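All residue numbers for the sequence shown refer to the working numbering, where the first residue is -8 and numbers rise by one. Ideal Cβ positions, reconstructed from N, Cα and C, are used throughout, including at glycine. As the structure is a prediction and not an experimental result, all values here were calculated from the model.
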Amino acid sequence: MIRYMILQNVLHRPLRTFITAIAVAVEVTLVIMVVGLTTGLLQDYAKRTEGIGADVMVQPPSSSLFMNFGGAPMPVSIADKLQRLDYVQAVSPVLISLNSVAALENIFGIDPESFRAVSGGFVFYSGHELQGPNDILVDDIYAKGKNVKVGQTLHILAHDFHVAGIVEHGKSARLFVLLSTLQEMTGAHDKASIFLIKCDRSNHAAAVAEEAKQLLPGYEVRQPKDLMALMTSSNVPYLGTFINVMISIAVIVGFLVTFLSMYTTVIERTREIGVLKSLGASKSYIVRIILSETTLLCLVGSVAGVGLSFALRAIIHNLHPSLPIQITYAWTVRAGLIAIAGGLLGSCYPAWIASRKDPVEALAYE
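Right, here's the structure in full:
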């Protein structure tokens, strides 16, 4: 009986029910998308960095986990010192610049020969290797998102580049130019942002990393395979705070919408509540009806929110292929629970008001 009553209450005002469910869906979508976007970007960065093929990376002192924030304070001559370490097969200096026009894009300045020795080389979909100072390589995701073709001219960092080839993604950056060209453009003559080291065997990476630390005290020496574990919101300054703030905003939105909806429901059903209490309904029974109705609305909104999140991810992926959004089962469940908790919190006061209605006054209510 109570289930039938709850369902009829929800269907009695379809527009209000729809708006409440949509508000909960937006709350769930906001949580899923914020977490999915931040997680996706971190995991994608770690995978692409690991995909370079280097066993060890050497960065300047106090460098962040993100290579594009390292600057170019290291002399290229360090590569010769690293090359002489035991078990080192190849060393490739890379200069990194950040293009902030229209989007944030990493540009790698590379020496093709040493970069090939470390990474195994590019897989070309079309075009050819870097040859001239104005040549640029773009990966397939960048080419798809920007509709770039081989032979096209790209204006980047106030310089016109000729698209020499389109390569498979996964080598950290999406844009590659000659090291000498980027050094000239940025005024970083004979400088590098990072050194990529390839060992003769992968199990020698730890030994090489330890030797590199002794050779270059204070420098950041990392193994790319460990980046995946480091790429969490707790390791990125203020990212965890940002996620918590966005989740808090979502909860507040869900709380206010549910509160308003259920409070209006209680006001409209004053006579109905009076009838129930006159028939012997207890306070707990009235509270249970209100909270059960809220739970049903939140469940419907949560399911709609998950569906909306997947639809929104598909749309974003089509418009911006380079923007990864990782939707996980754990966070879809967590977002639903957050929405239900916020909804129940918002309906507590209306439920309490309803339970305290005097049957005589409620029946006389117009």
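Here's a check: name, in chain order, each residue in its chain whose Cβ is nearer than 7 angstroms to the Cβ of Leu282, leaving out the five neighbours to either side. Leu335, Ser338, Ala342.
Nearest-angstrom beta carbon gap, Ile23 and Ser346 [assumed within contact, 8 angstroms]: With a Cβ gap of about 34 angstroms, Ser346 and Ile23 do not count as contacting.
Expected contact under 8 angstroms - CB spacing of Asp191 and Glu159 to nearest Å: The pair is not a contact, with the Cβ atoms about 25 angstroms apart (cut-off 8 angstroms).
Bounding residues of the beta strand (DSSP E) (the contiguous stretch that carries Glu96): Glu96 -> beta strand (DSSP E) spans 96 to 101.
Under 8 angstroms between the Cβ atoms of Leu86 and Leu170? By the CB criterion at 8 angstroms, Leu86 and Leu170 fall inside the cutoff.
Whole-angstrom Cβ separation of Val46 and Ile188, contact assumed at under 8 angstroms? Strictly speaking, residue 46 in this sequence is Asp, with Val absent from that position. The pair is a contact, with the Cβ atoms about 6 angstroms apart (cut-off 8 angstroms).
In terms of residue numbering, what span does the beta strand (DSSP E) encompassing Ala70 cover? Where Ala70 is concerned, there is no enclosing beta strand (DSSP E), although the alpha helix (DSSP H) around it starts and stops at 69 to 74.
Backbone CA spacing between Ile331 and Leu28 [nearest angstrom]: Linking Ile331 to Leu28 through their CA atoms gives a straight-line distance of about 23 angstroms.
Between Ser293 and Val15, how many whole angstroms is the CB-CB distance? I'm expecting something under 8 angstroms. Contact flag correct, Cβ pair sits at about 6 angstroms.
Pop quiz: Phe99 and Ser163 are said to be a contact at Cβ under 8 angstroms. What is the actual Cβ separation, rounded to whole angstroms? The pair is a contact, with the Cβ atoms about 7 angstroms apart (cut-off 8 angstroms).
Leaving out five residues on either side along the sequence, give the residues of the same chain with a beta carbon under 8 angstroms from the beta carbon of Phe250. Taken in chain order, the residues that qualify are Gly337, Ser338, Tyr340, Pro341.
How would you label Pro84, buried or exposed, when you count the other beta carbons within 10 angstroms and need 16 or more for buried? Counting the other Cβ atoms within 10 Å of the Cβ of Pro84 gives 16 or more, which makes it buried.
Cut-off 7 angstroms between Cβ atoms - residues of its own chain near Val79, not counting five sequence neighbours on either side: Closer than 7 angstroms at Cβ, skipping near neighbours: Leu73, Ile188, Cys190, Val199.
With DSSP collapsed to three states, give me the class of Arg165. In the displayed model, Arg165 falls within coil according to three-state DSSP, outside both helix and strand.
With distances taken from CA atoms, which of Gln34, Glu18, Ile13, Val19 is nearest Leu314? Put simply, of Gln34, Glu18, Ile13, Val19 the residue whose alpha carbon is nearest the alpha carbon of Leu314 is Gln34.
Take Pro64 and list the residues in its own chain whose beta-carbon comes closer than 6 angstroms to its own, dropping the five residues that flank it on each side. Non-local beta-carbon contacts of Pro64 in its own chain, meaning distances under 6 angstroms to residues more than five positions away in sequence, involve Pro51 in chain order.
Contact between the region 306 to 313 and the region 133 to 153 (3+ Cβ pairs under 8 angstroms): In this structure the region 306 to 313 lies against the region 133 to 153, because at least three pairs of beta carbons, one per stretch, are closer than 8 angstroms.
Boundaries (first-last residue) of the beta strand (DSSP E) holding Lys140: From DSSP, Lys140 is part of no beta strand (DSSP E); its letter is neither H nor E.
For a quick check, are the C-beta atoms of Val19 and Val236 less than 8 angstroms apart? No, they are not a contact pair.
Taking just the CA atoms, how far does Ala241 sit from Leu21? One C-alpha to the other measures close to 7 angstroms.
What span of residues does the alpha helix (DSSP H) with Lys38 cover, start to end? Per DSSP, Lys38 belongs to the alpha helix (DSSP H) from 5 to 41.
Beta-carbon spacing of Phe152, Asp181 below 8 angstroms: Not closer than 8 angstroms, so no.
Hey, how far is the Cα of Gly118 from the Cα of Val139? Each residue's alpha carbon lies about 12 angstroms from the other.
Checking the sheet assignment: what are the DSSP bridge partners for Phe115? In DSSP, Phe115 forms a bridge with Val158.
Which word fits Tyr36, buried or exposed, when buried means at least 16 other C-beta atoms lie within 10 angstroms of its C-beta? Its Cβ being crowded by 16 or more others within 10 Å, Tyr36 is buried.
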